[in-house]
Amino acid sequence: MTTQRLLVERDGGIVTVTINRPHRKNAVPAAMWDEIADTFRSIAHRRDDRVVVLTGADGDFCSGADLAGDGETPSDELDSHQLAAMRRVGAACVAIAELPKPTIAKVSGVAVGAGMNMALACDLVVADRTARFAEIFARRGLSIDFGGSWFLPRRIGLHRAKELALLADIIDATEADRIGLVNRVVDVDELDAFVADWAARLAAGPPIALAQTKQLLNQSFDSTLGRALDHEGSAQTINFTTADTREAIEAFVQRRDPVFVGR
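Its first residue numbered -12, the sequence shown is counted upward by one per residue in the working numbering.
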């Protein structure tokens, strides 16, 4: 699936989704939120898609929503009510965050506003040293969106989240790493190889078990220890019925690497 504004490439179970509007620093126009949501929903249903790398074209991740208007969207595609428009944004956020497969944000250049929160919607964030992050909304007279009010406190704690959201400061990759906003910061010429290594390791992992682990961790902040243990027990019960768990046990006994197929 390839469109002009969103590029989707597949290789060995790794899906690379690239926001492709470099002339606007990969800002997302109104109608493109549906494309993003549909793309991730499609990936969710494809057995051979094992991991997703989300990135931006030509040295920038994403500069958020294209508030200036893109000149590409027909007027009949635009929502007449702002709440309806924001629900399309929310649907894209949910499609990324709840994808039952691991996701990696590969960040160069700007990741601001909805673009920053799109990165945080991914399970892992790897940035190069050119990366710059900002909850830019307040500078535009707006409040935080694309799930930032949910993702940010969970990443860096409530007080730091308020600092970034209320002051709308731009921070560099070093500061993002220091406060725990990203998982890794690497040199520019190392970014592709580093992300490719992580993506390959995840693609080789057990899909059902990884999907359940992701779900367990995502719901942990809304759970008690007792409920978490119950959910873990249910997940492990499912795992022990799968061919992948049997394969892992056999591979351990035979002292070889397991080959997981997702069933």
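The beta-carbon is built from N, C-alpha and C at its ideal position, and this holds for glycine as well.
Which residues DSSP lists as bridging residue i, in chain order
{"i": "Arg171", "result": "Val113"}
{"i": "Arg251", "result": "Limits of the chain in this structure are -12 at one end and 250 at the other, which puts residue 251 out of reach."}
{"i": "Thr120", "result": "Residue identity check: residue 120 is Phe in the sequence provided, not Thr. Per DSSP, Ala98, Ile158."}
{"i": "Lys93", "result": "Val113"}
{"i": "Ala52", "result": "Val15"}
Residue i vs residue j beta-carbon contact at 7 Å
{"i": "Asn104", "j": "Gly144", "result": "no"}
{"i": "Ile6", "j": "Asn13", "result": "yes"}
{"i": "Ala186", "j": "Val15", "result": "no"}
{"i": "Ala98", "j": "Phe48", "result": "yes"}
{"i": "Cys80", "j": "Ala92", "result": "no"}
{"i": "Arg188", "j": "Ile166", "result": "no"}
{"i": "Ile123", "j": "Gly96", "result": "no"}
{"i": "Asp21", "j": "Arg75", "result": "yes"}
{"i": "Val4", "j": "Leu41", "result": "yes"}
{"i": "Gly102", "j": "Ser50", "result": "yes"}
{"i": "Ala230", "j": "Pro245", "result": "no"}
{"i": "Phe133", "j": "Leu86", "result": "no"}
{"i": "Leu203", "j": "His218", "result": "yes"}
{"i": "Leu168", "j": "Arg141", "result": "no"}
{"i": "Phe239", "j": "Pro193", "result": "no"}
Segment limits, beta strand (DSSP E) that includes residue i
{"i": "Val246", "result": "Careful: Val246 lies outside any beta strand (DSSP E) and carries neither H nor E."}
{"i": "Ala183", "result": "Careful: Ala183 lies outside any beta strand (DSSP E), inside the alpha helix (DSSP H) at 178 to 190."}
{"i": "Thr42", "result": "38 to 43"}
Residues near residue i by beta carbon distance below 8 Å, same chain, minus five either side
{"i": "Asn170", "result": "Leu111, Val112, Val113"}
{"i": "Thr161", "result": "Arg116, Val172"}
{"i": "Ile157", "result": "Val99, Arg119, Phe120, Ala121, Ile123"}
{"i": "Ile131", "result": "Asn104, Glu122, Phe124, Leu139, Ala152"}
{"i": "Ile195", "result": "Ile225, Asn226, Thr229, Asp231, Gly249, Arg250"}
{"i": "Phe181", "result": "Val113, Arg171, Val173"}
{"i": "Ser207", "result": "Ala215"}
Own chain residues within Cβ distance below 6 Å of residue i, not counting five before or after
{"i": "Gln199", "result": "Ala222"}
{"i": "Val94", "result": "Phe48, Ala106, Ala114, Ala118"}
{"i": "Asp63", "result": "Low per-residue confidence applies at Asp63: pLDDT is 47, beneath 50, and the placement is therefore not dependable, though the value from the model is reported in the following sentence. Correct list: empty, nothing qualifies."}
{"i": "Ala84", "result": "Ala108"}
Proximal residues to residue i (C-beta, below 7 Å), its chain only, five neighbours per side dropped
{"i": "Arg8", "result": "Arg(-8), Ala14"}
{"i": "Gly0", "result": "Asp35, Asp36, Arg37, Val38, Ala190"}
{"i": "Ala155", "result": "Ala121, Glu122, Ile123, Phe124, Ala125, Arg126"}
Unbroken alpha helix (DSSP H) run spanning residue i, endpoints
{"i": "Val81", "result": "69 to 84"}
{"i": "Leu197", "result": "194 to 205"}
{"i": "Thr224", "result": "212 to 226"}
{"i": "Phe27", "result": "19 to 31"}
{"i": "Phe138", "result": "135 to 143"}
Integer-rounded CB distance, given that residue j should sit under 8 Å from residue i
{"i": "Asp45", "j": "Arg11", "result": "Not confirmed; about 11 Å, so no contact."}
{"i": "Ala252", "j": "Ala17", "result": "The displayed coordinates of the chain run from -12 to 250. Any statement about residue 252 would go beyond what the structure contains."}
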